[in-house]
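Asker:
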Amino acid sequence: MTSLIEEGLRVVLSETSRSAKRKRTLPPISKARGGLLPGIDMTDSAMLQELDDLDAARRMKRFT
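Residue numbers for the sequence shown follow the working numbering, so the first one is 871 and each next one is one higher.
Take a look at the structure:
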C-alpha cells in the first residue's frame, strides 16, 4: 500500500512540474455590447428568478 501511495505522489508531482512550465493562456473575453434589455433590474433577484422560470417553462413546452 505504501509503495502505491509513493508511486501516486511521484506521478502527481511530476505532472505538476510539467504543467508549471506551460505558457499561461487567458480565457476568451466577450466583446459583446448592448447591456441589459429595457425593464431588467439586476438588483431585483425575485424578478430575475421569475424571468428565468418563465424562460424554462417556454423551453419545456417545446418537449410536450
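Glycine is no exception: its CB is placed at the ideal position from the N, C-alpha and C atoms.
1. Methionine 912 and leucine 906 - do their beta-carbons sit closer together than 8 Å?
2. Alpha carbon to alpha carbon, how far is serine 900 from alanine 916? Give it in angstroms, no decimals.
3. Please report the straight-line C-alpha distance between aspartate 923 and arginine 929, rounded to a whole angstrom.
4. Can you name, in chain order, every residue of its own chain whose Cβ lies under 8 Å from the Cβ of methionine 873, other than the five neighbours on each side?
Answerer: Let me lay it out:
1. On the sequence shown, residue 906 is found 36 positions in, with the first residue counted as 1. On the sequence shown, residue 912 is found 42 positions in, with the first residue counted as 1. Contact: yes.
2. On the sequence shown, residue 916 is found 46 positions in, with the first residue counted as 1. On the sequence shown, residue 900 is found 30 positions in, with the first residue counted as 1. Per the coordinates, the alpha-carbon of alanine 916 lies some 27 Å from the alpha-carbon of serine 900.
3. As a position in the sequence shown, residue 923 is number 53, starting the count at 1. As a position in the sequence shown, residue 929 is number 59, starting the count at 1. About 10 Å.
4. For the purposes of this step, residue 873 is taken as residue 3 along the sequence shown, with counting starting at 1. The amino acid at residue 873 is misidentified as methionine; the sequence shows serine. Excluding sequence neighbours, serine 873 sits near nothing in its chain.
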